[in-house]
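J.: The structure that follows is given in the form of structure tokens.
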């Protein structure tokens, strides 16, 4: 394995190969080689195609001084800063990259470049940047500003070039260009543009539609692929035949083409290079460390054994942001990496192929060079049911309805916080799985109705073995659902109880439970809330009436009336 790594790295990177070589074989478990940091949950731009434009931003940010302390023991490793939000928006961004450089970490950064002010550039100029990726779409002012909303074309270019000309000469500068209809015709022009800016690489990314709005759907390249392929082919030919320094990349370059047959040595792992002696290929840690075989894994992925992510809350994840294994506010990263939760996740991934085979992070990030552009669905954001994370859709009669990876799951709420990706659902009582939400709802309601069919009393239900099994799974013990004014709403055995707090502890299994004053029971949480609310309002009306009567009784008029009544009684005698 070491010899294979040596051959690959030296053939591709020459004298710089040692800088990229891992401390151990890629198929051996050790400290993480790559640490991905998302320091802040915000961005100063609202790009038309970006998820940021369709999410609620919290401005949460990581404590930079604490982070540096928690990274002890990981000196010299690779760090990726920023990927989903804008890292330079962090008020202590300079402290972040300075502290990482003090740990001799190799820093890769993705940024829109708009916040690279002269003061910031001056402060971070000597940091250990290895690669800087600029997100910049199109190359004309009107196109760029229509896509990168809130950005100023001239100012952004000025700041990017100032930063590039200030940092070390060997920093690799690359551009990510998201392509849609409005900038598709600038593909070839963009190559010329960034070549004159002395950039090392330009990567074209076909836009994925992030939201169900008509404007973005019309911008998709899904029906423009022939024209897009031709433009990419023209751009590649330009790089090769004009002997450009810049290399260009796209998942499309992994597909067969006549140009590739003519210049086979110019196509390398999704990139096109000329024979220019200054031409360099980007070293992508996400690809090198994570994309490949690992003993026991069901797909070509090493991510849970070679990489770790930290977000703006300090949460630590394996597999990008899929499995939380700890938080740096509580432990050092090394301890989290070797901790019990991390071990559990890795053990499940090695034992069950389901999670990895459905993993969007592997399919569209780690293995992105193999994305099939002929498949139209790859141009559109996966629907709710395909989310990387299981997503709670709604609650139904003591169940959480959860969507994940093409299926819908009914999970009894009594199971608490359950990660269905890491659980053996066949061993859990009361869990249902269907292909549609309608089928799942029918299954849940049908099963509950069978359990309740024999009688409306709790004892009759408890005598039904079918009902007992299912309802035990839903609520195996009385569970407080909600504090509802003077009532506790409690779920148990498929029922919801409205219990006056004044009763204290009660035995729900007692035959006399419904004889207690003010106790209500129903199979629907919404109905029990309505019943209890109506009862509370009625009680309030009664109390107000009683209060009014008391006031009247205490009045002089009432006392005179009582005296006259007694006098009449005496006269009558």
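Residue numbers (the UniProt record's numbering): 1 to 573. From the three backbone atoms N, C-alpha and C, an ideal C-beta is built for every residue, glycine too.
1) Among 543, 542, 540, 520, which has the Cα closest to the Cα of residue 532?
2) Answer with buried or exposed for residue 485, where buried requires no fewer than 16 other C-beta atoms within 10 angstroms of its C-beta.
3) Could you give the uninterrupted runs of the beta strand (DSSP E) lying entirely in the region 102 to 169, keeping only those of 3 residues or more?
4) Unbroken alpha helix (DSSP H) runs of length 4 or more, entirely within the region 269 to 298: which are they?
5) Could you work out which residue in 161, 120, 511, 254 is closest to residue 175 when comparing CA atoms only?
6) Which residues does DSSP pair with residue 433 in a beta bridge?
7) For residue 390, does the three-state DSSP call read helix, strand or coil?
8) Taking the beta strand (DSSP E) that residue 482 belongs to, which residues open and close that run?
9) Can you tell which of 90, 84, 32, 42 has the C-alpha that lies nearest to the C-alpha of residue 65?
10) Does DSSP classify residue 233 as helix, strand or coil?
11) Starting from residue 336, follow the alpha helix (DSSP H) in both directions and report where the run begins and ends.
12) Residue 577 by DSSP, collapsed to three states: which one?
13) For residue 301, which beta-bridge partners are listed by DSSP?
14) Can you have a look at residue 270 and say buried or exposed, based on whether 16 or more other CB atoms are within 10 angstroms of its CB?
15) Is the region 353 to 365 close to the region 281 to 301, with three or more CB pairs under 8 Å?
16) Let me know the secondary structure DSSP gives residue 309 once reduced to three states.
17) Should the region 210 to 227 be regarded as contacting the region 189 to 198, the criterion being three or more beta carbon pairs within less than 8 Å?
18) Taking DSSP's pairing of strands, which residues face residue 213 in a bridge?
19) Given this structure, state the Cα-to-Cα distance separating residue 83 from residue 111, to the nearest angstrom.
20) In whole angstroms, what separates the C-alpha of residue 424 from that of residue 249?
21) Does DSSP classify residue 343 as helix, strand or coil?
22) Can you give the beta carbon distance from residue 34 to residue 102, rounded, assuming they're within the 8 Å contact cut?
23) Drop a sphere of 10 angstroms on the beta-carbon of residue 1, count the other beta-carbons inside from all chains shown, and report buried for 16 or more, exposed for fewer.
24) Can you tell me where the alpha helix (DSSP H) with residue 171 in it begins and where it stops?
25) State yes or no: is the C-beta of residue 332 within less than 9 Å of the C-beta of residue 72?
T.: Quick answer:
1) Nearest option by C-alpha distance: 520.
2) So residue 485 counts as exposed.
3) Within the region 102 to 169, the runs of beta strand (DSSP E) that reach at least 3 residues and sit entirely inside it are, in chain order, 106 to 111, 129 to 135.
4) 285 to 290, all fully within the region 269 to 298.
5) Nearest C-alpha to residue 175: 161.
6) The partner list for residue 433 (beta bridge, DSSP) reads 409.
7) Residue state for residue 390 is assigned as coil, using DSSP reduced to three classes.
8) In the DSSP annotation of this structure, the continuous segment of the beta strand (DSSP E) that includes residue 482 starts and ends at 479 to 484.
9) Comparing Cα positions, the closest option is 90.
10) Helix, per DSSP.
11) That run of the alpha helix (DSSP H) goes 333 to 337.
12) Only positions 1 to 573 of the chain appear in this structure, which leaves residue 577 out of reach.
13) Per DSSP, 291.
14) Burial call: buried.
15) Using a Cβ-Cβ distance cut-off of 8 Å, the region 353 to 365 and the region 281 to 301 are in contact, since at least three pairs of beta carbons, one from each stretch, lie closer than that value.
16) Collapsing the DSSP output to three states places residue 309 in a strand.
17) With a cut-off of 8 Å, the region 189 to 198 and the region 210 to 227 do not count as touching, because too few Cβ pairs lie within range.
18) Paired residues: none, contrary to the question.
19) If I take the Cα positions, the gap works out to 8 Å.
20) Cα-Cα distance, rounded: 41 Å.
21) In this structure, DSSP gives residue 343 a helical state, which the three-state scheme calls helix.
22) Cβ-Cβ separation between residue 34 and residue 102: approximately 19 Å, too far for a contact (criterion under 8 Å).
23) Because the pLDDT of residue 1 is 39, which lies under 50, any placement of that residue in the model is unreliable, and the question is left without a value.
24) Careful: residue 171 lies outside any alpha helix (DSSP H) and carries neither H nor E.
25) Cβ distance < 9 Å, so residue 332 and residue 72 count as in contact.
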